[in-house]
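**Student:** Structure in structure tokens, see below.
Residue numbers (the numbering used here), protein chains in the order written: chain Z, 7 to 390; chain R, 795 to 1015.
This is the structure in structure tokens:
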């Protein structure tokens, strides 16, 4: 208890001293400084409001700039009353400019508030993304560690994922019924992780459909995705020794119009009556239209997406739904490759650490609110 | 070499673009903008291949009189009309009153709006299926849904007009409770899923950059 009181007293002294130091440092009337964490070419100019603002007819401020070796200042901006900040986006990197701010009264000459100098420069590291960097390095290290552990032959347990367990059953059902399988990879382009995850699942599904010689229909929204998927399906057929069974037209481009795509896919469902529908990848407003049409045709439906807002629609209308990370776990789950399983384990451990950090963070934040300490600042995120 | 080269390009570009994310300097921005330009160029060429695939598919359907081949004629006619009207007057084609824009404004947009409006009916049918209180979970879902739906529309005024006794209760309590459901239990679940998604995305990206995940090259793992 004695130690706690002492620590608290030290805290109080520290914050009192910080506050006094801050009060002693008088703020200059005009401050120019390089914009932090930017590409360069910009300077922030701030100033203290002029007492003239209270006068009637006050016109505002003008911001002036003078390059080195120049005699006169040139006006670069006129600012309305009440504003006290301007960003000069026309500054040349490395040139030490002088900035002058003048208040413009209703009558009489402008009143110079002050002069301040600054040079623009681009930064080589965005300090506002430090927390992201730390997070990425940590998660990467954990994942790589578990990948190498799995490579060494460690036994890794993966919980049962119903949606992925049902893949074989769904393909088998289509084969028995002699009907095609529809595979939709959503509206994402090839640079989206969820689309890539969807494509890797397609490779596994295509291997099965090639084995059973079940027709596969893959309508594509993005032409690049179409080309990659075509190659993947072709290779899957070649892998099981049935390259001739691959139908070149089974993977085809439809349109990049969202609802045009929906109309086309709905049409395929109604006309071809696929026994199984897969919806994997990035989906938007079309998710429910697709899934409800599929449900109406009586198809068994397996969906997977990382779009949180679309998950309820898929859960409602589909038989199985892979929620968020389960979509990414599919390759590991279906292949049981130790390397993939290792990455899954890495994800789980990262998640455990994040949950622990969240609990500690919440506790510190509560302490911060009650004691007025600066813990909250530790958890501030820098957007951009 | 057929596999090694794409894997090497993927690794190098993956590392470069990851590092680029943390560098705000103009050289870094220049690299990023140029990458986006390259993406557009690649997309344009891929689009040509995509359209060719579409034309081939529908021509074959018509040629061999496959089932529903008449729809293929509609698709090909639409594609042809868009191309002809689009190229007819060059960049001017996208000005108001031009045939291309007339097609776009009076055919394509209404058709898209029609498809989108189907969502209202599908939401109703999906809600009907989901909100049947068969189990405890379904009952809880039903209650939460009713509270949120009523809390987000101005029902209180209707109750007041009908002079129902519980109008004050509806007015004061329901919107707040609906907000609470959305802001706390719902948000907690959403964030839980989003954390998993973020980690899954990092893991998948890492597997691709390191060449562990290779199915995108074709040919399985």
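For each residue, glycine too, the CB sits at the ideal point set by N, CA and C.
Can the beta-carbon of residue 312 (chain Z) be found less than 8 Å from the beta-carbon of residue 197 (chain Z)?
**Tutor:** No, the Cβ-Cβ distance between residue 312 (chain Z) and residue 197 (chain Z) is not below 8 Å.
**Student:** What are the start and end residues of the beta strand (DSSP E) that includes residue 254 (chain Z)?
**Tutor:** Unbroken run through residue 254 (chain Z): none, as it is neither H nor E.
**Student:** For residue 294 (chain Z), does the count of other Cβ atoms within 10 angstroms reach 16, so buried, or fall short, so exposed?
**Tutor:** Its Cβ being crowded by 16 or more others within 10 Å, residue 294 (chain Z) is buried.
**Student:** Please compile the residues from chain R whose C-beta is within a distance smaller than 7 Å of the C-beta of residue 154 (chain Z).
**Tutor:** What residue 154 (chain Z) touches in chain R: nothing, since even the nearest Cβ is about 11 Å away.
**Student:** For residue 154 (chain Z), I'd like the list of residues in its chain whose CB is within less than 6 Å of its CB, leaving aside the five on either flank, ordered along the chain.
**Tutor:** So the list is empty, once near-sequence residues are dropped.
**Student:** Starting from residue 224 (chain Z), follow its DSSP beta bridges and name the residues at the other end.
**Tutor:** Residue 224 (chain Z) pairs with Z:257.
**Student:** Skipping 5 residues on each side, what residues in its chain have a beta carbon closer than 7 Å to that of residue 329 (chain Z)?
**Tutor:** So the qualifying residues of the chain are 317.
**Student:** Of all the options Z:260, Z:239 and Z:248, which has the alpha carbon lying nearest to the alpha carbon of residue 227 (chain Z)?
**Tutor:** Measuring from the Cα of residue 227 (chain Z), the nearest candidate turns out to be Z:260.
**Student:** Could you tell me which of Z:59, Z:53, Z:61 and Z:62 sits nearest to residue 70 (chain Z), measuring between CA atoms?
**Tutor:** Ranking Z:59, Z:53, Z:61 and Z:62 by Cα distance to residue 70 (chain Z) puts Z:53 first.
**Student:** What's the gap between the Cα of residue 96 (chain Z) and the Cα of residue 75 (chain Z)?
**Tutor:** Distance between the alpha carbons of residue 96 (chain Z) and residue 75 (chain Z) is about 18 Å.
**Student:** Quick check on this structure: which residue in Z:91, Z:210, Z:189 and Z:59 has the alpha carbon closest to the alpha carbon of residue 300 (chain Z)?
**Tutor:** Closest option to residue 300 (chain Z), Cα to Cα, is Z:189.
**Student:** Skipping 5 residues on each side, what residues in its chain have a beta carbon closer than 6 Å to that of residue 349 (chain Z)?
**Tutor:** Taken in chain order, the residues that qualify are 149 and 153.
**Student:** Within 8 Å of any Cβ in chain R, is that where the Cβ of residue 259 (chain Z) sits?
**Tutor:** Yes, because at least one Cβ of chain R sits closer than 8 Å to the Cβ of residue 259 (chain Z).
**Student:** Please decide whether residue 1001 (chain R) counts as near chain Z, where near means a Cβ-Cβ distance under 8 Å.
**Tutor:** True, the Cβ-Cβ gap to chain Z drops below 8 Å.
**Student:** Measure from the C-beta of residue 937 (chain R) to each C-beta in chain Z and report whether the shortest distance is under 8 Å.
**Tutor:** No, residue 937 (chain R) does not count as interfacial toward chain Z.
**Student:** DSSP state of residue 925 (chain R), grouped into three classes?
**Tutor:** Looking at residue 925 (chain R) - three-state DSSP - the assignment turns out to be coil, as it is neither helix nor strand.
**Student:** For residue 85 (chain Z), name the three-state secondary structure that DSSP assigns.
**Tutor:** The answer is strand: DSSP assigns residue 85 (chain Z) an E or B state.
**Student:** Give the residues from the segment 973-993 of chain R that approach chain C closer than 7 Å (Cβ to any Cβ), ordered along the chain.
**Tutor:** Absent from the structure: chain C. Protein chains present are Z and R.
**Student:** Of all the CB atoms in chain R, is at least one closer than 8 Å to the CB of residue 209 (chain Z)?
**Tutor:** At least one chain R Cβ lies under 8 Å of residue 209 (chain Z).
**Student:** Which residues share a DSSP beta bridge with residue 187 (chain Z)?
**Tutor:** In the DSSP output, where bridge partners are listed per residue, residue 187 (chain Z) has Z:222 and Z:282.
**Student:** Please report the straight-line C-alpha distance between residue 904 (chain R) and residue 178 (chain Z), rounded to a whole angstrom.
**Tutor:** C-alpha separation (whole angstroms): 40 Å.
**Student:** Looking at the strands, I want to know which residues DSSP matches up with residue 102 (chain Z).
**Tutor:** Residue 102 (chain Z) is bridged to Z:125.
**Student:** Between the segment 119-147 of chain Z and chain R, which residues of the former have a C-beta closer than 8 Å to a C-beta of the latter?
**Tutor:** Within the segment 119-147 of chain Z, the qualifying residues are 128, 129, 130, 131, 132, 135, 138, 139, 142, 145 and 146.
**Student:** Which term fits residue 257 (chain Z), buried or exposed, when burial requires 16 or more other beta carbons within 10 angstroms of its beta carbon?
**Tutor:** The residue in question, residue 257 (chain Z), is buried, as its Cβ has 16 or more Cβ neighbours within 10 Å.
**Student:** Give the residues of chain Z in contact with residue 816 (chain R), contact being defined as C-beta atoms less than 8 Å apart.
**Tutor:** Going along chain Z in sequence order, the residues near residue 816 (chain R) (Cβ under 8 Å) are 131, 132, 135, 138 and 139.
**Student:** When you compare only the Cα positions, how much space is there between residue 141 (chain Z) and residue 813 (chain R)?
**Tutor:** Those two C-alpha atoms are separated by around 14 Å.
**Student:** Let's see if you can read the secondary structure: which residues bound the beta strand (DSSP E) around residue 1006 (chain R)?
**Tutor:** Premise fails: residue 1006 (chain R) is in no beta strand (DSSP E) and is neither H nor E.
**Student:** How is residue 167 (chain Z) classed by DSSP in three states: helix, strand or coil?
**Tutor:** Correct three-state label for residue 167 (chain Z): coil.
**Student:** Are the C-beta atoms of residue 995 (chain R) and some chain Z residue less than 8 Å apart?
**Tutor:** By this cut-off, residue 995 (chain R) is an interface position.
**Student:** Beta-carbon of residue 924 (chain R) versus every beta-carbon of chain Z: anything under 8 Å?
**Tutor:** Yes, because at least one Cβ of chain Z sits closer than 8 Å to the Cβ of residue 924 (chain R).
**Student:** Can you confirm whether residue 314 (chain Z), when its beta carbon is compared against all beta carbons of chain R, has any partner nearer than 8 Å?
**Tutor:** With 8 Å as the cut-off, residue 314 (chain Z) counts as an interface residue toward chain R.
**Student:** Please list, in chain order, all residues of the same chain as residue 880 (chain R) whose beta carbon is under 7 Å from its beta carbon, the five residues on each side excluded.
**Tutor:** The residues are 887 and 894.
**Student:** Can you look up residue 394 (chain Z) in the DSSP assignment and give me helix, strand or coil?
**Tutor:** This structure cannot settle anything about residue 394 (chain Z), because the visible part of chain Z is limited to 7 through 390.
**Student:** With a cut-off of 8 Å, does the C-beta of residue 114 (chain Z) fall near any C-beta of chain R?
**Tutor:** By this cut-off, residue 114 (chain Z) is not an interface position.
**Student:** Where DSSP assigns a beta bridge to residue 328 (chain Z), which residues make up the other side?
**Tutor:** According to DSSP, which records beta bridges pairwise, residue 328 (chain Z) is partnered with Z:310.
**Student:** In the DSSP assignment, what are the bridge partners of residue 94 (chain Z)?
**Tutor:** Beta-bridge pairing links residue 94 (chain Z) to Z:49.
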